[in-house]
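Residue numbers (our numbering), protein chains in the order written: chain W, 44 to 354; chain A, 66 to 354.
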């Protein structure tokens, strides 16, 4: 560690030596990277291309003339499939609502974590816990926590409102709210930790001089903090949005997509089509659609980041 | 008359500090409550006898704590074999991700040619392809190869999932190891593999520890891979979903909370022990993203 630390300033220099030198043969690089690359090619790249291919075929185990080429029929069919549309609707709501709260609560919690006070270490350790918890355990516990009779949530509400009883997961709207709440419990702390890593780069004397110039805490938040972490936030937002769009564990363990498909996120829908109904072509089409949405959002986000960089 | 104005603002400041302190500590208490209370509830549920569990209000300090549920989990639920499977798969996946990740990280950090740069970017971007998009085709591909429900098949999937993050972090660290150290080793007659494993690897221990800790948690939390690619090889994360139940709305909470605790207690202890390392790792990854 000592060696690494003392070497830091000359890193650029050292790299140059390494790069320019003909000391090491180029094939060694490929030989070293081969196992890692091969793993990714076999488990991700190849199946990914096959998904594209499959999406153009009728591969349904229970229907006739399976295996036939159908062009974009699977994609057209999606938009008259009420189950798919319901999934699409909830995936949209889930992603947008969850991300808004991620950003607002995440920044607030990150500011808390960045405070210099005695509780700092305790707070950071506690904040780390939800991230480390398996979503399946959280989800399955949440299924019981939202139970009307014996659940934790209703019991806690009863401290304030006596005799409160509500079966959250039985009704569509409250089931959706419950799913989003669980998602926030699990991931906002993680988001906050990553925002914190951006906050730590802001030197304290900027705030000091802003204070001398008469800027209050609210003003210095909007004029100093927010602009300085915008780039970091945009990058985080893209990753967290992608994770929301492909969330699976939370609804699998908590609601099984119910009631009446109200909480079946797209990822859950795909898994049902692919592994239960065995509509492989159709499932692939939804998967390709989902990937397309993600790609478009990523491009928009990269564009936004490049705009921030120009400013 | 002269003293008063000087004292006034100071007293004002002191009171401000107290208020800020109160706000800080009450917010801290609120955050801790929101995060810890559900976890506490899972724990006390696991040591509450089933007869008391299905009552309201909830006793947050159990009246008759018992470890009966844990005994049942061991005898009826086959927890031991789930733990064994989880550790076999996680162990190999950790080893594989560190060994192959280290090799790839060295290649990406020390060679500056177009081809290898593109390979590096491709490796990173492949992590953006979501598992659900490739799940079914991977399954079919695996079935052709006879890898479904086998240890090697699962280990390959776990290792592959860990690869992009591991390479990203390890590469940052290799770049910080000065090349002159390698040159000195060469002068002393070290061959390439000796250099990589006897010189670089020991210098990377802190980075490897960080990766191992984070990857360990990732492996334990993985539901997706074992759910779709294993049937007989039962791991803990899937095990909690297969607790026998009467119908879809029935939750055998006594057993589920117990298995939940068996999974999360070690993780909590782990986080308490390695809080600093985990933070470092997450932030290193976060900044680079």
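All C-beta atoms in this analysis are idealised placements derived from N, C-alpha and C, irrespective of residue type, glycine included. Model, not experiment: these values are computed from the prediction.
Where residue i falls: helix, strand or coil (DSSP)
i                      : result
residue 218 of chain A : helix
residue 111 of chain W : strand
residue 190 of chain W : coil
residue 296 of chain A : coil
residue 100 of chain W : strand
residue 322 of chain W : strand
residue 1 of chain W   : Lying before the first or after the last residue shown, residue 1 of chain W is absent from chain W, which here runs from 44 to 354.
residue 310 of chain A : coil
residue 148 of chain A : helix
residue 125 of chain W : helix
residue 307 of chain W : coil
residue 176 of chain W : coil
residue 285 of chain A : helix
residue 258 of chain W : coil
residue 65 of chain W  : Residue placement at residue 65 of chain W cannot be trusted, given a pLDDT of 46 that sits under 50; the coordinates are not used to answer.
residue 354 of chain W : coil
residue 162 of chain W : coil
residue 178 of chain A : coil
residue 232 of chain A : helix
residue 244 of chain W : coil
residue 208 of chain W : coil
residue 375 of chain W : Since the first residue shown for chain W is 44 and the last is 354, residue 375 of chain W is missing from the structure and cannot be characterised.
Residue of the options minimising C-alpha distance to residue i
i                      : options                    : result
residue 325 of chain A : A/112, A/82, A/80, A/99    : A/112
residue 238 of chain A : A/156, A/289, A/267        : A/267
residue 327 of chain A : A/99, A/138, A/127         : A/138
residue 351 of chain W : W/233, W/143, W/128, W/277 : W/277
residue 161 of chain W : A/90, A/136, A/242         : A/90
residue 166 of chain W : W/236, W/334, W/328        : W/236
residue 266 of chain W : W/281, W/250, W/255, W/274 : W/250
residue 190 of chain W : A/329, A/96, A/317, A/347  : A/317
residue 234 of chain W : W/286, W/215, W/220, W/245 : W/286
residue 345 of chain A : A/273, A/219, A/168, A/171 : A/273
residue 159 of chain W : W/224, W/95, W/79, W/247   : W/247
residue 163 of chain A : A/102, A/117, A/212, A/227 : A/227
residue 123 of chain A : A/133, A/136, A/108, A/144 : A/108
residue 225 of chain A : A/103, A/101, A/195        : A/195
residue 281 of chain W : W/143, W/262, W/73         : W/143
residue 141 of chain W : W/259, W/349, W/296, W/290 : W/290
residue 101 of chain W : W/114, W/216, W/92, W/91   : W/114
residue 104 of chain A : W/177, W/89, W/96, W/125   : W/177
residue 121 of chain A : W/261, W/324, W/199, W/283 : W/199
residue 232 of chain A : A/188, A/130, A/244, A/204 : A/188
residue 167 of chain A : A/155, A/321, A/199, A/264 : A/264
residue 126 of chain A : A/141, A/142, A/145, A/102 : A/102
residue 90 of chain W  : A/152, A/203, A/142, A/182 : A/203
residue 348 of chain W : W/284, W/279, W/307        : W/279
residue 230 of chain A : A/277, A/260, A/172        : A/277
Close beta carbons around residue i, own chain, < 7 Å, minus the five adjacent residues each side
i                      : result
residue 349 of chain A : 234, 237
residue 128 of chain A : 117
residue 174 of chain W : 232, 233
residue 213 of chain W : 302
residue 133 of chain A : 114
Closer than 8 Å to chain B by CB, residue i
i                      : result
residue 119 of chain A : Given the protein chain composition of this structure (W and A), no chain B is represented.
Other residues of its chain near residue i: CB distance less than 6 Å, five sequence neighbours each side excluded
i                      : result
residue 291 of chain A : 300, 303
residue 326 of chain W : 313, 316, 317
residue 35 of chain W  : Summary: the structure shown does not reach residue 35 of chain W, with chain W confined to residues 44 through 354, and so no result is reported for it.
Residues near residue i in its chain [Cβ-Cβ closer than 8 Å; skip 5 each side]
i                      : result
residue 65 of chain W  : Residue confidence is low: residue 65 of chain W scores 46 on pLDDT, short of 50, so the model does not pin down where it sits. Its coordinate-derived value is still stated next. Result list for residue 65 of chain W: empty, nothing under 8 Å.
residue 245 of chain W : 267, 268, 271, 272
* To do: Anything in the segment 320-335 of chain W with a Cβ closer than 8 Å to a Cβ of chain A? List those residues in chain order, please.
  => 323, 326, 327, 330, 331, 333, 334
* Asked: Which of the residues in the segment 328-352 of chain A, read from start to end, lie with their CB under 8 Å from any CB of chain W?
  -> 328, 329, 332, 333, 335, 336, 337, 340, 343, 344, 347, 348, 351, 352
* **Under 9 Å (Cβ pairs) to chain A, residues found in the segment 87-100 of chain W** => 87, 88, 89, 90, 91, 92, 93, 94, 96, 97
* Listed from N- to C-terminal order along the chain, which residues in the segment 220-236 of chain W have their beta-carbon within a distance smaller than 9 Å of any beta-carbon of chain A? -> 228, 232, 233, 236
* **Residues within the segment 280-309 of chain A neighbouring chain W, beta-carbon criterion of under 9 Å** => 282, 285, 286, 287, 288, 289, 292, 293, 301, 302, 303, 305, 306, 308
* **chain W contacts from the segment 141-168 of chain A (Cβ-Cβ distance under 7 Å)** => 165, 166, 168
* With 7 Å as the limit, tell me which residues of the segment 211-231 of chain A have their beta carbon closer than that to any beta carbon of chain W; keep them in chain order. => 221, 222, 224, 225, 228
* Which residue spans inside the segment 240-278 of chain A form an unbroken alpha helix (DSSP H) run of at least 4? -> 244-252
* Within 8 Å of chain W by C-beta, residues of the segment 74-101 of chain A in sequence order -> 86, 89, 90, 92, 93, 96, 97, 99, 100, 101
* Could you run through the segment 183-215 of chain A and flag, in chain order, every residue whose CB is less than 7 Å away from some CB of chain W? => 184, 188, 191, 193, 194, 195, 197, 198, 199, 200, 201, 202, 203, 206
* Please name the residues in the segment 136-156 of chain W whose beta-carbon is closer than 8 Å to at least one beta-carbon of chain A, in chain order. => 152, 155
* Asked: Which residue spans inside the segment 68-145 of chain A form an unbroken alpha helix (DSSP H) run of at least 4?
  -> 68-111, 115-118, 133-141
* Asked: What residues in the segment 164-180 of chain W have a beta carbon less than 9 Å from any beta carbon of chain A?
  -> 164, 165, 166, 167, 168, 169, 170, 171, 172, 173, 174, 175, 176, 177, 178, 179, 180
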